[in-house]
Amino acid sequence: MASVGAVWGIDIGQCALKALRCRLSDDGETLIAEAFDYIEYPKILTEPDANPEQLVRDAMKQFLANNAVRDAKVAISVPGQSGLARFIKLPPVEAKKIPDIVKYEAKQQIPFSLDDVIWDYQPLLGGLQDEGVALETEVGLFAMKRDQVFRALRPFRDAGIELDVVQLTPIAIYNAVGYGVLENVPRPEDYDPENPPKSVAVISMGTDTTDLVVTNGFRIWQRSIPIGGSHFTKQLTKEMKLTFAKAEHLKRNARQAEDPKAVFQAMRPVFNDFVQELQRSLGYFRSIDRRAQITQAVALGNAMLLPGLQPYIEKNLELPVQRVSEYRRLEGSSVVSTPKFQDNVLSFAVAYGLCLQGLSRSRLKTNLIPRELVTARLIRRKKPWALLAMTVFFVGLCFNYLFQWSRWRDAHEDNFAAEKNTVQAVSSESSTLKAKDDELIAEFEKLKKRGNEVVGGADARFLMLEL
(Lines of atoms letter the chains of each structure in order from A and count residues from 1; the text may use other names and numbers.)
(Lines give C-alpha, C1' and ligand atoms only; values in the text may rest on other atoms or scores of the structure.)
Protein backbone atom coordinates (compact mmCIF):
# COMPACT_ATOMS: atom_id res chain seq x y z
CA MET A 1 0.00 0.00 0.00
CA ALA A 2 0.98 3.62 -0.34
CA SER A 3 2.89 5.17 2.52
CA VAL A 4 0.90 7.10 5.10
CA GLY A 5 2.25 10.44 3.90
CA ALA A 6 -1.08 11.69 2.57
CA VAL A 7 -4.58 10.30 2.17
CA TRP A 8 -7.39 11.14 -0.21
CA GLY A 9 -10.87 10.68 1.23
CA ILE A 10 -13.33 10.46 -1.66
CA ASP A 11 -17.10 10.51 -1.26
CA ILE A 12 -19.11 9.91 -4.44
CA GLY A 13 -22.54 11.30 -3.63
CA GLN A 14 -25.74 11.55 -5.61
CA CYS A 15 -25.21 15.19 -6.57
CA ALA A 16 -21.45 15.74 -6.29
CA LEU A 17 -18.04 14.17 -5.83
CA LYS A 18 -16.34 15.37 -2.66
CA ALA A 19 -12.65 14.75 -2.07
CA LEU A 20 -10.24 15.86 0.64
CA ARG A 21 -6.49 15.24 0.82
CA CYS A 22 -4.88 15.34 4.27
CA ARG A 23 -1.64 14.49 6.01
CA LEU A 24 -0.69 14.41 9.67
CA SER A 25 0.94 17.41 11.30
CA ASP A 26 4.18 17.10 13.23
CA ASP A 27 2.29 16.63 16.50
CA GLY A 28 0.56 13.57 15.07
CA GLU A 29 -2.89 14.76 16.17
CA THR A 30 -3.89 17.52 13.78
CA LEU A 31 -4.74 16.89 10.14
CA ILE A 32 -3.39 19.28 7.53
CA ALA A 33 -5.67 19.65 4.52
CA GLU A 34 -3.49 19.89 1.41
CA ALA A 35 -6.14 19.86 -1.31
CA PHE A 36 -9.84 19.35 -1.89
CA ASP A 37 -12.29 19.09 -4.73
CA TYR A 38 -16.03 19.52 -5.01
CA ILE A 39 -17.37 18.50 -8.42
CA GLU A 40 -21.11 18.90 -8.81
CA TYR A 41 -22.76 16.80 -11.50
CA PRO A 42 -24.79 18.52 -14.22
CA LYS A 43 -27.72 16.41 -13.03
CA ILE A 44 -28.53 14.57 -9.84
CA LEU A 45 -27.85 10.89 -10.36
CA THR A 46 -31.44 9.95 -9.55
CA GLU A 47 -33.03 12.35 -12.04
CA PRO A 48 -35.24 10.46 -14.51
CA ASP A 49 -33.12 11.29 -17.58
CA ALA A 50 -29.71 11.07 -15.89
CA ASN A 51 -26.99 8.58 -16.81
CA PRO A 52 -25.37 7.91 -13.41
CA GLU A 53 -22.40 5.92 -14.70
CA GLN A 54 -21.47 8.53 -17.28
CA LEU A 55 -21.90 11.42 -14.83
CA VAL A 56 -19.65 9.75 -12.28
CA ARG A 57 -17.12 8.82 -14.96
CA ASP A 58 -16.94 12.44 -16.16
CA ALA A 59 -16.55 13.71 -12.60
CA MET A 60 -13.77 11.19 -11.99
CA LYS A 61 -11.93 12.34 -15.12
CA GLN A 62 -12.20 15.94 -13.98
CA PHE A 63 -10.98 15.02 -10.50
CA LEU A 64 -7.93 13.20 -11.88
CA ALA A 65 -7.18 16.09 -14.21
CA ASN A 66 -7.15 18.47 -11.24
CA ASN A 67 -5.36 16.34 -8.65
CA ALA A 68 -2.47 13.91 -8.12
CA VAL A 69 -3.64 10.66 -6.57
CA ARG A 70 -0.96 8.03 -7.14
CA ASP A 71 1.34 9.32 -4.39
CA ALA A 72 -1.28 8.93 -1.64
CA LYS A 73 -3.51 6.34 -0.06
CA VAL A 74 -7.14 6.45 -1.15
CA ALA A 75 -10.15 5.82 1.09
CA ILE A 76 -13.71 5.79 -0.25
CA SER A 77 -17.19 5.53 1.21
CA VAL A 78 -20.13 3.33 0.28
CA PRO A 79 -23.75 4.19 1.13
CA GLY A 80 -24.96 3.06 4.52
CA GLN A 81 -28.21 1.65 3.12
CA SER A 82 -26.15 -0.72 0.94
CA GLY A 83 -24.50 -2.32 3.94
CA LEU A 84 -25.37 -3.94 7.22
CA ALA A 85 -24.31 -2.75 10.66
CA ARG A 86 -24.96 -4.66 13.87
CA PHE A 87 -23.76 -3.86 17.36
CA ILE A 88 -23.52 -6.94 19.55
CA LYS A 89 -22.95 -7.02 23.29
CA LEU A 90 -20.88 -10.05 24.20
CA PRO A 91 -21.08 -11.97 27.46
CA PRO A 92 -17.94 -12.14 29.61
CA VAL A 93 -15.54 -14.22 27.57
CA GLU A 94 -11.83 -14.78 27.11
CA ALA A 95 -10.47 -12.09 24.83
CA LYS A 96 -8.82 -14.66 22.57
CA LYS A 97 -12.20 -16.28 21.89
CA ILE A 98 -13.83 -13.08 20.63
CA PRO A 99 -13.02 -13.78 16.93
CA ASP A 100 -14.74 -17.18 17.11
CA ILE A 101 -17.81 -15.73 18.81
CA VAL A 102 -18.01 -12.88 16.31
CA LYS A 103 -17.80 -15.31 13.39
CA TYR A 104 -20.66 -17.30 14.89
CA GLU A 105 -22.68 -14.10 15.36
CA ALA A 106 -21.88 -13.06 11.80
CA LYS A 107 -23.46 -16.27 10.51
CA GLN A 108 -26.56 -15.51 12.59
CA GLN A 109 -26.82 -11.78 11.87
CA ILE A 110 -25.90 -11.62 8.18
CA PRO A 111 -28.78 -12.95 6.05
CA PHE A 112 -26.45 -14.24 3.34
CA SER A 113 -23.70 -16.79 3.06
CA LEU A 114 -20.44 -15.36 4.36
CA ASP A 115 -18.90 -16.32 1.01
CA ASP A 116 -21.23 -13.82 -0.68
CA VAL A 117 -20.40 -10.86 1.56
CA ILE A 118 -17.40 -8.86 2.65
CA TRP A 119 -17.48 -8.27 6.38
CA ASP A 120 -15.34 -6.96 9.19
CA TYR A 121 -15.71 -6.28 12.89
CA GLN A 122 -14.13 -4.32 15.72
CA PRO A 123 -14.68 -4.16 19.48
CA LEU A 124 -15.89 -0.68 20.38
CA LEU A 125 -14.02 1.59 22.74
CA GLY A 126 -14.96 1.50 26.41
CA GLY A 127 -14.83 -2.25 26.97
CA LEU A 128 -13.00 -3.67 29.97
CA GLN A 129 -10.60 -6.58 30.36
CA ASP A 130 -9.71 -8.34 33.57
CA GLU A 131 -7.05 -11.05 33.53
CA GLY A 132 -7.66 -11.82 29.88
CA VAL A 133 -11.46 -11.84 30.22
CA ALA A 134 -13.38 -9.26 28.18
CA LEU A 135 -16.14 -7.54 30.15
CA GLU A 136 -18.79 -5.10 28.92
CA THR A 137 -17.58 -5.69 25.36
CA GLU A 138 -19.63 -4.42 22.45
CA VAL A 139 -18.62 -5.38 18.94
CA GLY A 140 -19.47 -3.57 15.74
CA LEU A 141 -20.17 -5.97 12.86
CA PHE A 142 -20.28 -4.51 9.36
CA ALA A 143 -20.99 -6.27 6.08
CA MET A 144 -21.86 -5.63 2.46
CA LYS A 145 -22.71 -7.93 -0.41
CA ARG A 146 -19.70 -8.68 -2.55
CA ASP A 147 -21.34 -7.63 -5.83
CA GLN A 148 -22.37 -4.27 -4.34
CA VAL A 149 -18.83 -3.63 -3.14
CA PHE A 150 -17.40 -4.29 -6.59
CA ARG A 151 -20.10 -2.08 -8.11
CA ALA A 152 -18.97 0.76 -5.84
CA LEU A 153 -15.34 0.12 -6.78
CA ARG A 154 -15.97 0.15 -10.53
CA PRO A 155 -15.54 3.92 -11.14
CA PHE A 156 -12.19 3.86 -9.36
CA ARG A 157 -10.96 0.69 -11.06
CA ASP A 158 -11.98 2.09 -14.45
CA ALA A 159 -9.98 5.23 -13.64
CA GLY A 160 -6.94 3.19 -12.56
CA ILE A 161 -7.12 4.28 -8.90
CA GLU A 162 -5.96 1.74 -6.35
CA LEU A 163 -7.93 1.80 -3.11
CA ASP A 164 -6.78 1.21 0.44
CA VAL A 165 -9.96 1.69 2.49
CA VAL A 166 -13.65 1.03 1.79
CA GLN A 167 -15.88 2.27 4.59
CA LEU A 168 -19.61 2.63 5.17
CA THR A 169 -20.71 6.27 5.13
CA PRO A 170 -22.25 6.24 8.66
CA ILE A 171 -18.99 4.89 10.11
CA ALA A 172 -16.99 7.60 8.35
CA ILE A 173 -19.41 10.14 9.84
CA TYR A 174 -18.92 8.62 13.30
CA ASN A 175 -15.15 8.90 12.94
CA ALA A 176 -15.39 12.51 11.76
CA VAL A 177 -17.74 13.58 14.54
CA GLY A 178 -15.83 11.73 17.25
CA TYR A 179 -12.54 13.35 16.26
CA GLY A 180 -13.52 16.69 14.80
CA VAL A 181 -16.85 17.76 16.34
CA LEU A 182 -17.38 16.33 19.82
CA GLU A 183 -15.67 18.08 22.71
CA ASN A 184 -14.60 16.88 26.16
CA VAL A 185 -14.77 13.21 25.23
CA PRO A 186 -13.13 11.21 28.06
CA ARG A 187 -10.21 8.92 27.44
CA PRO A 188 -11.08 5.25 26.86
CA GLU A 189 -9.61 4.25 30.21
CA ASP A 190 -11.87 6.80 31.95
CA TYR A 191 -15.06 5.60 30.27
CA ASP A 192 -17.74 4.51 32.75
CA PRO A 193 -20.51 2.41 31.14
CA GLU A 194 -22.73 3.12 34.15
CA ASN A 195 -22.37 6.87 33.63
CA PRO A 196 -21.62 7.38 29.92
CA PRO A 197 -20.96 10.78 28.35
CA LYS A 198 -23.79 12.75 26.80
CA SER A 199 -24.79 11.63 23.31
CA VAL A 200 -25.40 13.60 20.14
CA ALA A 201 -27.67 12.75 17.24
CA VAL A 202 -25.88 13.36 13.95
CA ILE A 203 -28.31 14.05 11.12
CA SER A 204 -26.48 13.78 7.80
CA MET A 205 -28.95 14.45 5.01
CA GLY A 206 -27.99 13.32 1.55
CA THR A 207 -29.81 13.42 -1.75
CA ASP A 208 -31.91 10.27 -1.35
CA THR A 209 -31.34 9.16 2.25
CA THR A 210 -30.37 10.53 5.63
CA ASP A 211 -27.84 8.84 7.88
CA LEU A 212 -28.78 9.13 11.54
CA VAL A 213 -25.84 8.39 13.82
CA VAL A 214 -26.17 8.55 17.60
CA THR A 215 -22.90 8.52 19.51
CA ASN A 216 -21.24 9.61 22.72
CA GLY A 217 -17.77 9.16 21.27
CA PHE A 218 -17.66 5.48 22.28
CA ARG A 219 -20.93 3.78 21.51
CA ILE A 220 -22.51 4.16 18.11
CA TRP A 221 -25.97 3.45 16.78
CA GLN A 222 -26.97 4.24 13.23
CA ARG A 223 -29.95 4.04 10.95
CA SER A 224 -30.53 5.01 7.33
CA ILE A 225 -33.72 7.05 6.85
CA PRO A 226 -35.17 6.81 3.32
CA ILE A 227 -35.78 10.56 3.00
CA GLY A 228 -33.29 13.00 1.51
CA GLY A 229 -33.06 16.34 -0.19
CA SER A 230 -34.44 15.04 -3.48
CA HIS A 231 -37.73 14.16 -1.79
CA PHE A 232 -38.37 17.88 -1.21
CA THR A 233 -37.61 18.49 -4.89
CA LYS A 234 -39.94 15.71 -6.02
CA GLN A 235 -42.67 17.12 -3.79
CA LEU A 236 -42.31 20.49 -5.50
CA THR A 237 -42.50 18.89 -8.95
CA LYS A 238 -45.70 17.18 -7.89
CA GLU A 239 -47.41 20.10 -6.15
CA MET A 240 -46.22 22.96 -8.36
CA LYS A 241 -46.05 21.14 -11.71
CA LEU A 242 -42.38 21.92 -12.29
CA THR A 243 -39.57 20.05 -13.98
CA PHE A 244 -37.05 18.44 -11.68
CA ALA A 245 -34.36 21.00 -12.53
CA LYS A 246 -36.67 23.98 -11.90
CA ALA A 247 -37.96 22.44 -8.69
CA GLU A 248 -34.38 21.90 -7.48
CA HIS A 249 -33.53 25.53 -8.21
CA LEU A 250 -36.68 26.70 -6.45
CA LYS A 251 -35.91 24.55 -3.40
CA ARG A 252 -32.43 26.02 -3.05
CA ASN A 253 -33.76 29.56 -3.39
CA ALA A 254 -37.07 29.17 -1.59
CA ARG A 255 -36.78 32.46 0.32
CA GLN A 256 -36.24 34.38 -2.93
CA ALA A 257 -39.30 32.82 -4.61
CA GLU A 258 -42.29 34.94 -5.61
CA ASP A 259 -44.37 33.18 -2.95
CA PRO A 260 -42.08 31.57 -0.32
CA LYS A 261 -45.05 30.54 1.78
CA ALA A 262 -46.50 28.49 -1.07
CA VAL A 263 -43.14 26.79 -1.60
CA PHE A 264 -42.82 25.75 2.05
CA GLN A 265 -46.46 24.73 2.16
CA ALA A 266 -45.86 22.42 -0.81
CA MET A 267 -42.90 20.82 0.97
CA ARG A 268 -44.61 20.50 4.36
CA PRO A 269 -45.57 16.79 3.93
CA VAL A 270 -41.91 15.91 3.49
CA PHE A 271 -40.96 18.04 6.51
CA ASN A 272 -43.50 16.12 8.58
CA ASP A 273 -42.46 12.70 7.29
CA PHE A 274 -38.81 13.46 7.94
CA VAL A 275 -39.32 14.63 11.50
CA GLN A 276 -41.57 11.65 12.25
CA GLU A 277 -38.85 9.29 11.05
CA LEU A 278 -36.32 11.06 13.26
CA GLN A 279 -38.64 10.88 16.28
CA ARG A 280 -39.38 7.21 15.68
CA SER A 281 -35.69 6.35 15.31
CA LEU A 282 -34.56 8.30 18.36
CA GLY A 283 -37.40 6.83 20.39
CA TYR A 284 -36.27 3.34 19.48
CA PHE A 285 -32.68 4.16 20.38
CA ARG A 286 -33.72 5.45 23.79
CA SER A 287 -35.68 2.24 24.38
CA ILE A 288 -32.60 0.06 23.83
CA ASP A 289 -30.15 2.30 25.69
CA ARG A 290 -31.79 3.67 28.81
CA ARG A 291 -28.61 5.31 30.06
CA ALA A 292 -28.06 7.41 26.93
CA GLN A 293 -28.89 11.11 27.16
CA ILE A 294 -29.15 12.89 23.82
CA THR A 295 -28.48 16.56 24.49
CA GLN A 296 -28.11 17.99 20.99
CA ALA A 297 -28.22 17.25 17.28
CA VAL A 298 -25.50 17.91 14.73
CA ALA A 299 -26.52 18.72 11.15
CA LEU A 300 -24.42 17.57 8.19
CA GLY A 301 -24.96 17.49 4.44
CA ASN A 302 -25.72 20.38 2.10
CA ALA A 303 -29.38 19.37 2.07
CA MET A 304 -29.55 20.64 5.66
CA LEU A 305 -29.11 24.15 4.23
CA LEU A 306 -32.74 24.01 3.12
CA PRO A 307 -34.33 27.13 4.61
CA GLY A 308 -36.53 26.40 7.59
CA LEU A 309 -35.41 22.79 8.03
CA GLN A 310 -33.07 23.34 10.99
CA PRO A 311 -35.56 25.27 13.17
CA TYR A 312 -38.31 22.80 12.24
CA ILE A 313 -36.18 19.90 13.49
CA GLU A 314 -35.25 21.80 16.66
CA LYS A 315 -38.88 22.51 17.43
CA ASN A 316 -40.12 18.96 16.91
CA LEU A 317 -37.20 17.06 18.45
CA GLU A 318 -36.85 19.58 21.29
CA LEU A 319 -33.10 19.51 20.77
CA PRO A 320 -30.69 22.25 19.75
CA VAL A 321 -29.40 21.59 16.24
CA GLN A 322 -25.86 22.68 15.45
CA ARG A 323 -24.75 23.04 11.85
CA VAL A 324 -21.06 22.24 11.55
CA SER A 325 -19.03 25.25 10.42
CA GLU A 326 -15.58 23.71 10.91
CA TYR A 327 -13.87 20.51 11.97
CA ARG A 328 -11.64 20.55 15.00
CA ARG A 329 -8.08 19.39 14.43
CA LEU A 330 -8.34 20.11 10.71
CA GLU A 331 -6.00 22.84 9.52
CA GLY A 332 -4.59 24.07 6.25
CA SER A 333 -5.70 27.57 5.37
CA SER A 334 -5.18 26.96 1.66
CA VAL A 335 -8.14 24.59 1.87
CA VAL A 336 -10.34 25.22 4.89
CA SER A 337 -10.45 29.00 4.37
CA THR A 338 -11.43 28.94 0.71
CA PRO A 339 -14.99 30.06 -0.09
CA LYS A 340 -15.80 26.86 -1.98
CA PHE A 341 -14.83 24.70 0.99
CA GLN A 342 -16.69 26.93 3.42
CA ASP A 343 -19.82 26.88 1.25
CA ASN A 344 -19.78 23.07 1.22
CA VAL A 345 -18.25 22.34 4.63
CA LEU A 346 -21.33 20.35 5.68
CA SER A 347 -20.71 17.85 2.89
CA PHE A 348 -17.05 17.12 3.71
CA ALA A 349 -17.63 15.18 6.95
CA VAL A 350 -17.46 11.82 5.19
CA ALA A 351 -14.26 12.70 3.33
CA TYR A 352 -12.75 13.97 6.59
CA GLY A 353 -13.66 10.75 8.38
CA LEU A 354 -12.10 8.72 5.57
CA CYS A 355 -8.87 10.70 5.86
CA LEU A 356 -8.83 10.03 9.60
CA GLN A 357 -9.04 6.30 8.97
CA GLY A 358 -6.40 6.38 6.26
CA LEU A 359 -4.08 8.20 8.68
CA SER A 360 -4.84 5.74 11.54
CA ARG A 361 -6.61 8.37 13.67
CA SER A 362 -10.14 7.00 13.47
CA ARG A 363 -11.94 5.19 16.25
CA LEU A 364 -13.45 2.56 13.97
CA LYS A 365 -10.98 1.00 11.55
CA THR A 366 -13.05 -1.70 9.86
CA ASN A 367 -12.39 -2.05 6.16
CA LEU A 368 -14.62 -3.63 3.51
CA ILE A 369 -12.04 -3.72 0.74
CA PRO A 370 -12.02 -7.17 -0.91
CA ARG A 371 -9.09 -9.22 0.36
CA GLU A 372 -8.34 -10.59 -3.09
CA LEU A 373 -7.62 -7.06 -4.31
CA VAL A 374 -5.20 -6.50 -1.45
CA THR A 375 -3.47 -9.81 -2.15
CA ALA A 376 -3.24 -9.15 -5.89
CA ARG A 377 -1.80 -5.69 -5.27
CA LEU A 378 0.72 -7.05 -2.78
CA ILE A 379 1.86 -9.67 -5.29
CA ARG A 380 2.03 -7.08 -8.05
CA ARG A 381 4.10 -4.72 -5.94
CA LYS A 382 6.39 -7.54 -4.87
CA LYS A 383 7.03 -8.62 -8.46
CA PRO A 384 9.82 -6.07 -9.17
CA TRP A 385 11.62 -7.15 -6.02
CA ALA A 386 11.12 -10.82 -6.86
CA LEU A 387 12.41 -10.15 -10.38
CA LEU A 388 15.41 -8.32 -8.95
CA ALA A 389 16.11 -11.20 -6.56
CA MET A 390 15.85 -13.72 -9.40
CA THR A 391 18.17 -11.57 -11.53
CA VAL A 392 20.74 -11.36 -8.75
CA PHE A 393 20.45 -15.10 -8.21
CA PHE A 394 20.89 -15.78 -11.93
CA VAL A 395 23.90 -13.44 -12.12
CA GLY A 396 25.38 -15.25 -9.12
CA LEU A 397 24.86 -18.57 -10.86
CA CYS A 398 26.56 -17.22 -13.97
CA PHE A 399 29.58 -16.02 -12.01
CA ASN A 400 29.76 -19.33 -10.20
CA TYR A 401 29.53 -21.20 -13.51
CA LEU A 402 32.27 -19.09 -15.04
CA PHE A 403 34.52 -19.66 -12.04
CA GLN A 404 33.89 -23.40 -12.01
CA TRP A 405 34.20 -23.62 -15.79
CA SER A 406 37.58 -21.88 -15.63
CA ARG A 407 38.84 -24.39 -13.13
CA TRP A 408 37.30 -27.25 -15.10
CA ARG A 409 38.88 -25.98 -18.30
CA ASP A 410 42.31 -25.83 -16.67
CA ALA A 411 41.94 -29.41 -15.45
CA HIS A 412 40.29 -30.84 -18.56
CA GLU A 413 42.02 -33.89 -20.13
CA ASP A 414 42.21 -32.18 -23.52
CA ASN A 415 44.91 -29.93 -22.08
CA PHE A 416 47.07 -33.03 -21.33
CA ALA A 417 46.51 -35.04 -24.54
CA ALA A 418 50.21 -35.02 -25.59
CA GLU A 419 51.39 -36.03 -22.14
CA LYS A 420 48.70 -38.65 -22.01
CA ASN A 421 49.82 -40.07 -25.35
CA THR A 422 53.43 -40.11 -24.15
CA VAL A 423 52.41 -41.87 -20.96
CA GLN A 424 50.36 -44.36 -22.95
CA ALA A 425 53.31 -45.01 -25.32
CA VAL A 426 55.70 -45.50 -22.41
CA SER A 427 53.14 -47.69 -20.70
CA SER A 428 52.73 -49.75 -23.89
CA GLU A 429 56.52 -50.12 -24.35
CA SER A 430 56.85 -51.02 -20.68
CA SER A 431 54.22 -53.70 -21.09
CA THR A 432 56.03 -55.09 -24.15
CA LEU A 433 59.40 -55.16 -22.39
CA LYS A 434 57.85 -56.72 -19.34
CA ALA A 435 56.31 -59.44 -21.53
CA LYS A 436 59.72 -60.10 -23.13
CA ASP A 437 61.31 -60.14 -19.72
CA ASP A 438 58.76 -62.69 -18.58
CA GLU A 439 59.56 -64.83 -21.63
CA LEU A 440 63.29 -64.65 -20.93
CA ILE A 441 62.75 -65.54 -17.31
CA ALA A 442 60.67 -68.54 -18.37
CA GLU A 443 63.40 -69.59 -20.84
CA PHE A 444 66.04 -69.16 -18.17
CA GLU A 445 64.09 -71.30 -15.74
CA LYS A 446 63.72 -73.95 -18.43
CA LEU A 447 67.46 -73.99 -19.16
CA LYS A 448 68.26 -73.95 -15.49
CA LYS A 449 66.08 -76.98 -14.93
CA ARG A 450 67.71 -78.80 -17.82
CA GLY A 451 71.17 -77.95 -16.45
CA ASN A 452 70.18 -79.27 -13.07
CA GLU A 453 69.09 -82.48 -14.66
CA VAL A 454 72.46 -82.89 -16.43
CA VAL A 455 74.45 -82.17 -13.27
CA GLY A 456 72.18 -84.43 -11.26
CA GLY A 457 73.06 -87.42 -13.57
CA ALA A 458 76.82 -87.06 -12.92
CA ASP A 459 76.24 -87.10 -9.17
CA ALA A 460 74.37 -90.38 -9.51
CA ARG A 461 77.25 -91.96 -11.47
CA PHE A 462 79.76 -91.16 -8.73
CA LEU A 463 77.41 -92.69 -6.21
CA MET A 464 77.27 -95.93 -8.12
CA LEU A 465 81.09 -96.15 -8.22
CA GLU A 466 81.20 -95.66 -4.48
CA LEU A 467 78.78 -98.49 -3.99
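Just so we're on the same page, this note's numbering is the position in the sequence shown counted from 1, plus 1.
Backbone N, C-alpha and C define an ideal beta-carbon position, used for all residues, glycine too.
| query | Since S225 contacts T210 with CB under 8 Å, what's their CB separation in whole angstroms? | reply | Along the sequence shown, read from residue 1 onward, the residue named residue 225 stands at position 224. Along the sequence shown, read from residue 1 onward, the residue named residue 210 stands at position 209. Sure, about 5 Å apart at Cβ, within 8 Å.
| Residues near Q63 by beta carbon distance below 7 Å, same chain, minus five either side | As a working note, residue 63 is residue 62 in the sequence shown. Counting only Cβ-Cβ distances below 7 Å, and skipping sequence neighbours, we find I40.
| task | Decide if the stretch 53-70 is in contact with the stretch 128-147; the criterion is three or more beta carbon pairs, one per stretch, under 8 Å apart. | result | no
| task | State buried or exposed for R281, treating a residue as buried only when at least 16 other CB atoms are found within 10 Å of its CB. | result | What you label residue 281 is simply residue 280 of the sequence shown in a count that begins at 1. Classification for R281: exposed.
| A7 by DSSP, collapsed to three states: which one? | The residue you call residue 7 lines up with position 6 of the sequence shown. A7 falls in the coil class under three-state DSSP.
| Do you know how far the Cα of N68 is from the Cα of Q289? | Taking the sequence shown and counting its residues from 1, the one referred to as residue 289 is at position 288. Taking the sequence shown and counting its residues from 1, the one referred to as residue 68 is at position 67. For the sequence presented, residue 289 should be read as Ile rather than Gln. When rounded, the distance between both Cα atoms is 45 Å.
| Helix or strand or just coil, what does DSSP make of S363? | On the sequence shown, position 362 is the one that residue 363 refers to. S363: coil per DSSP, three-state reduction.
| message | Helix, strand or coil for L85? Go by DSSP, reduced to three states. | response | In the sequence shown, residue 85 corresponds to position 84, counting from 1. In this structure, L85 counts as strand in the three-state DSSP scheme.
| query | Just how far apart, CA to CA, sit P100 and Q109? | reply | Translated into the one-based positions of the sequence shown, residue 100 becomes position 99. Translated into the one-based positions of the sequence shown, residue 109 becomes position 108. P100 and Q109: Cα-Cα distance of roughly 14 Å.
| As assigned by DSSP and simplified to three states, the class of M2 | The residue you call residue 2 lines up with position 1 of the sequence shown. Summary for M2: the model assigns pLDDT 42, below 50, so the residue's position carries little reliability, and this model does not support an answer.
| task | Report the rounded CA-to-CA distance for N52 versus K98, giving the unit in angstroms. | result | The residue you call residue 52 lines up with position 51 of the sequence shown. The residue you call residue 98 lines up with position 97 of the sequence shown. For N52 and K98, the distance between alpha carbons rounds to 48 Å.
| Helix, strand or coil for F219 per DSSP? | As a first step, residue 219 is located in the sequence shown; it is residue number 218 there, counting from the start. Three-state DSSP puts F219 in coil, outside helix and strand.
| Best match in G179, A36, K341 for proximity to R24 [C-alpha to C-alpha] | Counted from its first residue, the sequence shown places residue 24 at position 23. The option with the nearest alpha carbon to R24 is A36.
| task | Just confirm the distance between the C-beta atoms of V201 and I295, as a whole number of angstroms; I'd bet it's less than 8 Å. | result | Taking the sequence shown and counting its residues from 1, one reaches residue 201 at position 200. Taking the sequence shown and counting its residues from 1, one reaches residue 295 at position 294. Rounded, the Cβ-Cβ distance is 7 Å, consistent with contact.
| Can you tell me where the beta strand (DSSP E) with K19 in it begins and where it stops? | Working through the sequence shown from its first residue, we reach residue 19 at position 18. 17-25 is the span of the beta strand (DSSP E), which, as asked, contains K19.
| V8 versus Q311, S338, Q358, V264, residue with shortest Cα-Cα distance | The count along the sequence shown starts at 1 and reaches residue 8 at position 7. Answer by Cα proximity: Q358.
| Does the stretch 358-375 come within contact of the stretch 114-125, defined as at least 3 CB pairs closer than 8 Å? | yes
| message | Give me, in chain order, the residues of the same chain whose beta-carbon lies closer than 6 Å to that of D12; leave out the 5 immediate sequence neighbours on both sides. | response | Locating residue 12 in the sequence shown gives position 11, where the first residue counts as 1. Result list for D12: K19, S78, V351, A352, in chain order.
| Residues of its chain near K1, where Cβ-Cβ distance is below 8 Å and the 5 sequence neighbours each way are ignored | Lying before the first or after the last residue shown, residue 1 is absent from the chain, which here runs from 2 to 468.
| field | Contact between the stretch 141-158 and the stretch 393-408 (3+ Cβ pairs under 8 Å) | value | no
| Close-in-space but distant-in-sequence residues of the same chain around K44 (CB under 7 Å, 5 per side omitted) | Looking up residue 44 in the sequence shown gives position 43. Cβ within range, chain order: A51, L56.
| Entirely enclosed beta strand (DSSP E) segments - the stretch 247-314, minimum 3 residues | 295-301
| request: Have a look at D59, I162, Q168, R155 and flag the residue whose alpha-carbon is nearest the alpha-carbon of S83. | output: As a working note, residue 83 is residue 82 in the sequence shown. Ranking the options by Cα distance to S83, first place goes to Q168.
| query | Three-state secondary structure (DSSP) at P340? | reply | Along the sequence shown, one-based indexing puts residue 340 at 339. P340 falls in the helix class under three-state DSSP.
| query | What did DSSP end up calling K239 once you bin it into helix, strand or coil? | reply | Sequence index remark: in the sequence shown, residue 239 carries index 238 (1-based). Looking at K239 - three-state DSSP - the assignment turns out to be helix.
| request: Can you have a look at T216 and say buried or exposed, based on whether 16 or more other CB atoms are within 10 angstroms of its CB? | output: Numbered from 1 along the sequence shown, position 215 holds the residue referred to as residue 216. Result: buried.
| said: Tell me the rounded alpha-carbon separation between V150 and K262. | reply: Translated into the one-based positions of the sequence shown, residue 150 becomes position 149. Translated into the one-based positions of the sequence shown, residue 262 becomes position 261. Cα to Cα, the separation comes out at about 43 Å.
| Reduced DSSP secondary structure (H/G/I, E/B, other) of R408 | The residue you call residue 408 lines up with position 407 of the sequence shown. It is helical.
| Do V276 and Y313 have their C-beta atoms within less than 8 Å of each other? | Start at 1 with the first residue of the sequence shown, and residue 276 comes out as number 275. Start at 1 with the first residue of the sequence shown, and residue 313 comes out as number 312. Yes. Within cutoff.
| query | Near I189, what residues of its chain come up, given a Cβ to Cβ distance below 8 Å and the 5 sequence neighbours on each side ignored? | reply | Here residue 189 refers to the residue found at position 188 of the sequence shown. According to the sequence as given, residue 189 is Pro; it is not Ile. Within the same chain, P189 has close Cβ partners L126, G127, F219.
| message | Within 10 Å of its beta-carbon, does F346 have 16 or more other beta-carbons around it, so buried, or fewer, so exposed? | response | Stepping through the sequence shown from its first residue, residue 346 is reached at position 345. This sequence places Val at residue 346; Phe is not what is there. Buried, since its Cβ has 16 or more Cβ neighbours within 10 Å.
| task | From the DSSP output, read off the bridge partner residues of Y122. | result | Locating residue 122 in the sequence shown gives position 121, counting from the first residue. Y122 pairs with L142.
| request: Mind checking which residues open and close the beta strand (DSSP E) that includes R324? | output: Along the sequence shown, one-based indexing puts residue 324 at 323. Per DSSP, R324 belongs to the beta strand (DSSP E) from 322-324.
| If you check the beta carbons only, do N176 and G354 fall under 8 Å apart? | Residue numbering aside, residue 176 sits at position 175 when the sequence shown is read from its first letter. Residue numbering aside, residue 354 sits at position 353 when the sequence shown is read from its first letter. Yes, the Cβ-Cβ distance between N176 and G354 is below 8 Å.
| said: For Q15, which residues in the same chain have their Cβ closer than 7 Å to its Cβ, ignoring the five residues on either side in sequence? | reply: Stepping through the sequence shown from its first residue, residue 15 is reached at position 14. Closer than 7 Å at Cβ, skipping near neighbours: I45, L46, T47, G207, T208, D209.
| Identify the residues that DSSP records as bridge partners of S335: which are they? | Start at 1 with the first residue of the sequence shown, and residue 335 comes out as number 334. Paired residue(s): none; S335 is not in a bridge.
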